[in-house]
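K.L.:
Numbering (the numbering used here), first residue to last: 81 to 218.
1. With distances taken from CA atoms, which of 129, 119, 142 and 112 is nearest residue 155?
2. Nearest CA to the CA of residue 160: which residue from 94, 99, 97 and 104?
3. My output table needs one value for residue 156: the three-state DSSP class, helix, strand or coil.
4. Beta-carbon within less than 8 angstroms of residue 168's beta-carbon, same chain only, minus the 5 sequence neighbours each way: which residues are those?
5. Is DSSP giving residue 142 helix, strand or coil here?
6. Assuming contact is defined by CB atoms lying nearer than 8 angstroms, are residue 127 and residue 166 in contact in what I supplied?
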């Protein structure tokens, strides 16, 4: 959609996801839970998939599939089929799995790292990751 000045206008999130089934990998982590909440509040039906066990007592309308190792293609296929079977269809996939590690250092201070070893941190952060791509400023 374009406005009168020719600029592209995106419809509100609610208009784009209302009634849609959104699968969110990494769904039990901080970012995945937040994405699920936003999707749910916008009228979507989230399906949260994670390597961690499914949380107990999470009665928020989301379908949860825990204990799924998405690094194994067979497990990913089983999980996606289970998501489709539980929700009736899949309209969108938000892949958040495997992005961050949250821990504490020896002194008790928080430590956060990007952990997408096979793909690289440039999935999450703007990176200059090739020798020919020199930064313009420091």
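The beta-carbon is built from N, C-alpha and C at its ideal position, and this holds for glycine as well.
Keep in mind the model is a prediction, meaning the values are calculated, not measured.
P.N.:
In short, the structure shows the following:
1. Locating residue 155 in the chain shown gives position 75, where the first residue counts as 1. Checked all of 129, 119, 142 and 112; the closest Cα to residue 155 is 129.
2. Position 80 of the chain shown, counting from 1, holds the residue named residue 160. Here the closest residue by C-alpha is 104.
3. Reading the chain shown from its first residue, position 76 is the one you call residue 156. Here residue 156 sits in helix by DSSP.
4. For the purposes of this step, residue 168 is taken as the residue at position 88 of the chain shown. Excluding positions up to five away in sequence, the list reads 101.
5. In the chain shown, the residue the question calls residue 142 occupies position 62. The answer is coil: DSSP assigns residue 142 none of H, G, I, E or B.
6. The residue labelled residue 127 in the question sits at position 47 within the chain shown. The residue labelled residue 166 in the question sits at position 86 within the chain shown. Yes; because the gap between Cβ atoms is below 8 angstroms, this pair is in contact.
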